[in-house]
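Undergrad: Residue numbers (the working numbering): 1 to 474.
Cβ coordinates follow ideal geometry from the N, Cα and C atoms, glycine included.
Quantities reported herein were computed from a predicted structural model and do not represent experimental measurements.
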Ligand code: NAD
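1) Would you decide whether residue 414 is buried or exposed? Buried here means 16 or more other CB atoms lie within 10 Å of its CB.
2) I'd like to confirm the pairing. Which residues does DSSP put opposite residue 471 in its beta bridges?
3) Using three-state DSSP, classify residue 275 as helix, strand or coil.
4) Threshold first: 4 residues or longer. Then list the alpha helix (DSSP H) segments lying entirely within the segment 42-117, N to C.
5) Below 8 Å between beta carbons: does that hold for residue 312 and residue 90?
6) Can you tell me whether residue 133 is buried or exposed, with buried defined as 16 or more other CB within 10 angstroms of its CB?
7) On the DSSP letters alone, give me the boundaries of the alpha helix (DSSP H) that residue 258 sits inside.
8) I need the boundaries of the alpha helix (DSSP H) containing residue 248, first residue and last residue.
9) Taking the beta strand (DSSP E) that residue 392 belongs to, which residues open and close that run?
10) For residue 234 and residue 205, which I take to be in contact (beta-carbon distance under 8 Å), what is that distance rounded to the nearest angstrom?
11) What is the DSSP secondary structure of residue 26, reduced to helix, strand or coil?
12) Check whether the segment 115-122 touches the segment 165-173, taking contact to mean three or more Cβ pairs, one atom from each stretch, closer than 8 Å.
13) Residue 248: beta carbon under 7 Å from a heavy atom of the ligand NAD?
14) Assign residue 328 to one of three DSSP states: helix, strand, or coil.
15) Measuring from the CB of residue 343, is there a heavy atom of the ligand NAD at a distance below 7 Å?
16) So is the beta-carbon of residue 285 under 7 Å away from any non-hydrogen atom of the ligand NAD?
17) Let me know if residue 49 comes out buried or exposed under the rule of 16 or more other beta-carbons within 10 Å of its beta-carbon.
18) Should residue 165 be counted as a contact of the ligand NAD given a C-beta to heavy atom distance under 7 Å?
19) Does any heavy atom of the ligand NAD sit closer than 7 Å to the C-beta of residue 169?
20) Taking 8 Å as the threshold (C-beta atoms), are residue 366 and residue 294 in contact?
21) Could you check whether residue 207 and residue 222 sit closer than 8 Å to each other, using their CB atoms as the reference points?
22) Per DSSP, what kind of secondary structure is residue 341 in: helix, strand or coil?
23) In or out: residue 217 buried (at least 16 other Cβ within 10 Å) or exposed?
24) By how many angstroms is the C-alpha of residue 140 removed from the C-alpha of residue 8?
25) Relative to the ligand NAD, is the shortest distance from any of its heavy atoms to the C-beta of residue 144 smaller than 7 Å?
26) How is residue 372 classed by DSSP in three states: helix, strand or coil?
27) Which one of 94, 377, 265 has the shortest CA to CA distance from residue 402?
28) Output the residue ranges of the beta strand (DSSP E) runs that lie fully inside the segment 380-457 and measure 3 residues or longer, sorted by chain position.
29) What is the DSSP secondary structure of residue 208, counted as helix, strand or coil?
30) So is residue 162 buried or exposed if we call it buried at 16+ other beta carbons inside 10 Å?
31) Going by the CB atoms, is the gap between residue 265 and residue 301 shorter than 8 Å?
32) List the whole-angstrom C-beta distance separating residue 70 from residue 182, where the pair is believed to meet the contact cut-off of C-beta under 8 Å.
33) For the alpha helix (DSSP H) containing residue 136, name the first residue and the last one.
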């Protein structure tokens, strides 16, 4: 862990061993932090905050750019570690370091946008607002892209003048150390602190800490709800949540079905075995194209090559952990027993290299109805479902039928259809004729149980500030 600019073990010297999900070999360990460790990290962040806040936006921006450069210098090492620890395949994973560095650079340039307003509220006075940091911010990170999320999520709070305590995930935690080395070299002590360990006690202690007034969480709905409850019990806090998704891709009768299926399969993120909040896990196809969609999806997914995550030729690796493997397998069984039609996969792949590790075949179900468990629950694994619809109202009703609302894809050439559907969809992000797109500068985030608080944009930066009104009576 990185606490107050120095590497630290847990106060009780306990550890978490990390396994390579492709082989189950032990590859490293991180401290299993304690409440005391969290307290030390928050105290260090608090001590560092006034000095950090007093730096100009230009100084803070320059340091963020240096951190970005530090990520790039160590990219190969970070990516090898990350692929080995997560099971994400290296070819696509290369983008993760670049994305984290890109967010640091984007926010580094946004300092002058932390503007207040001048309001003519009285005849004789001057009335304006200032944007100020919260103080110490907690950012809690999930297992699917631990380096990318931890690195990218430093940017907005730091640029706004906060100091940060990051909590890394308990599975795939190893890249947190590399992040710590880069931060230690470049930033003043205490500005970034990294704590590792389990949700209970580390995440929970961080959330409950009275000095933490701002929490940015990325993870599951269940944990998001627990964080809202825990945060509310100790002090008044601003909590934003980036949670799960059960993302539909709606194919209209006029769509190019090849392009739609390509987008659905690409959007499923098989490179990370479907473990992405934005995965297009529900393909909703008009009945006129349904049979063709099943055929094309089956062929495209069957062509994916499972293999060593470090091999650039691998399209998909294992899922992240034994716990997650069992959860996904149980959901696949639910799909089978509830009457969905298994088109592809549905089990452990055959072959010597798949005997150990958390391997699951890319799986496709058709004839999935909205009541089925696999149509409602986020699998967060390599499982796609296909369903058919007859009318636009039915398509929208199915799309909106889950508790989630993160991303939606719409395939049609009819601009009116596309835009009226985009308006009726309950989703934080809509992509027309594509899937799962992120563009720096536009808020990414969900509605309903997918969370709230758009990130990757100016909104994220401003959300790490609080407005103070100043009245001058002339
Ligand atoms: P998770 O909720 O199990 O864990 C996320 C983090 O929360 C971990 O660091 C964990 O240790 C910590 N945690 C667990 N219990 C806690 C508690 N009581 N208090 C505080 N912290 C606690 O999620 P996961 O399994 O690591 O990640 C998968 C989930 O993340 C999926 O639902 C996925 O959709 C979601 N996700 C969302 C986005 C997004 O941007 N919307 C991005 C990636 C992942």
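TA: Let's see:
1) Per the 10 Å Cβ criterion, exposed.
2) Paired residue(s): 127.
3) Coil, per DSSP.
4) Counting only unbroken stretches of 4 or more residues, the alpha helix (DSSP H) elements lying wholly within the segment 42-117 are 57-73, 75-86, 90-108, in sequence order.
5) Going by C-beta atoms, residue 312 is nearer than 8 Å to residue 90.
6) Counting Cβ neighbours within 10 Å, residue 133 comes out buried, since at least 16 surround it.
7) DSSP places residue 258 inside the alpha helix (DSSP H), whose first and last residues are 257-267.
8) Element bounds for residue 248: not the alpha helix (DSSP H) but the beta strand (DSSP E), 248-251.
9) It is not in any beta strand (DSSP E) - residue 392 instead sits in the alpha helix (DSSP H) that spans 392-399.
10) Not quite, the Cβ-Cβ distance comes to about 10 Å (not below 8 Å), so this is no contact.
11) Residue 26 falls in the strand class under three-state DSSP.
12) Contact check between the segment 115-122 and the segment 165-173: fewer than three CB pairs, one atom from each, fall below 8 Å, which does not count as touching.
13) Residue 248 Cβ: outside cutoff for every heavy atom of the ligand NAD.
14) Three-state DSSP puts residue 328 in a helix.
15) Shortest gap from the CB of residue 343 to any heavy atom of the ligand NAD: 7 Å or more.
16) Checking the Cβ of residue 285 against the ligand NAD gives no.
17) Per the 10 Å Cβ criterion, buried.
18) For the ligand NAD, no non-hydrogen atom lies closer than 7 Å to the CB of residue 165.
19) True, at least one ligand heavy atom lies under 7 Å from that Cβ.
20) For residue 294 and residue 366, yes; Cβs fall inside 8 Å.
21) Contact annotation: residue 222 and residue 207 have beta-carbon atoms that are not nearer than 8 Å.
22) Here DSSP, grouped into helix, strand and coil, assigns residue 341 to strand.
23) Buried: at least 16 other Cβ atoms inside 10 Å.
24) Those two C-alpha atoms are separated by around 19 Å.
25) The closest heavy atom of the ligand NAD lies less than 7 Å from the beta carbon of residue 144.
26) In the structure shown, residue 372 sits in coil (DSSP, three-state: anything other than H, G, I, E or B).
27) If we check each option's Cα against that of residue 402, 377 comes out closest.
28) Runs of the beta strand (DSSP E) inside the segment 380-457: 383-389, 407-411, 429-432.
29) In the structure shown, residue 208 sits in a helix (DSSP, three-state: H, G or I).
30) That one is buried.
31) Yes, the Cβ-Cβ distance between residue 301 and residue 265 is below 8 Å.
32) The pair is a contact, with the Cβ atoms about 4 Å apart (cut-off 8 Å).
33) Here residue 136 belongs to no alpha helix (DSSP H); instead the beta strand (DSSP E) covers 136-140.
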